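Quick note on numbering: UniProt numbering labels position 8 of the sequence shown as 8, and the sequence is numbered without any gaps.
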Amino acid sequence: MFTQKLINDGDAAVDEMLAGILAAHGDKLSRPSPRAVVARNGPRAGKVAIVVGGGSGHEPTFLGFVGKGLADACAVGNVFASPPPQPAVDAALAANGGAGVLFLYGNYAGDVMNFDMATEMLEMEGVEARTVLTTDDIASAPREQRGKR
1 MFTQKLINDG
11 DAAVDEMLAG
21 ILAAHGDKLS
31 RPSPRAVVAR
41 NGPRAGKVAI
51 VVGGGSGHEP
61 TFLGFVGKGL
71 ADACAVGNVF
81 ASPPPQPAVD
91 AALAANGGAG
101 VLFLYGNYAG
111 DVMNFDMATE
121 MLEMEGVEAR
131 TVLTTDDIAS
141 APREQRGKR
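Below, the structure is given as structure tokens:
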């Protein structure tokens, strides 16, 4: 018998991955909720919080962008699935230094829907929030459909 993957249980893989990352980098990262990771050097007063996010399975993207001089927080979804709105809100609230929140995420239907919902949820709580949609994933659509990338 041989091992093809280092996964104990597919249903727990993302939570175990997050626990491992926090065990290895707990001096730099914290976890305010089960699917939100925040840089320990924040929130910084007067700074717009930058929150990235997306599905798991491409690590170190998006978690690898969280840290000093980079993103302030990350919302984490299941493998190849967008994070629901609540982890994005949790990440944003934990990183917000009072100047609002900027979400950065990929042009995937689930990400667009859920981060837009998170933006609305934050605005209902009085937190200014905006989104920037990135479209640089050349593998997700053929050349003729560049706008879907």
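Glycine residues also receive a C-beta, built at the ideal position from the N, C-alpha and C atoms. For clarity, every value in this text was computed on a predicted model and none was experimentally measured.
- Between Gly-106 and Pro-43, the alpha-carbon positions lie close to 24 Å from each other.
- When only Cα atoms are considered, Val-101 and Pro-142 end up about 32 Å apart.
- Taking a C-beta distance under 8 Å as the contact criterion, Ala-81 and Gly-110 qualify as a contact pair.
- Asp-72 counts as buried, since at least 16 other C-beta atoms from the protein chains shown sit within 10 angstroms of its C-beta.
- Remark: three or more beta-carbon pairs, one from each stretch, lie closer than 8 Å, so the stretch 80-94 and the stretch 118-131 are flagged as touching.
- By the CB criterion at 8 Å, Ala-39 and Val-66 fall inside the cutoff.
- Going by beta carbons, Pro-85 and Met-117 fall inside the 8 Å limit.
- By DSSP's assignment, Ile-50 forms a beta bridge with Leu-102.
- For the pair Val-79 and Arg-35, the Cα-to-Cα distance works out to about 12 Å.
- Bounds of the alpha helix (DSSP H) holding Gly-110 are 109-124.
- Secondary structure at Leu-29: strand, using DSSP grouped into helix, strand and coil.
- Taking each of Asp-27, Lys-28, Glu-144 and Pro-87 in turn and checking the Cα distance to Gly-54, the smallest one comes out for Pro-87.
- Counting only unbroken stretches of 4 or more residues, the alpha helix (DSSP H) elements lying wholly within the stretch 67-96 are 85-95, in sequence order.
- Close CB contacts of Lys-28 within its chain, under the 7 Å cut and outside five residues either way in sequence, are with Ala-39, Arg-40 and Gly-67 (chain order).
- Comparing alpha-carbon positions, the option among Ala-129, Arg-130, Tyr-108 and Glu-120 lying closest to Asp-136 turns out to be Tyr-108.
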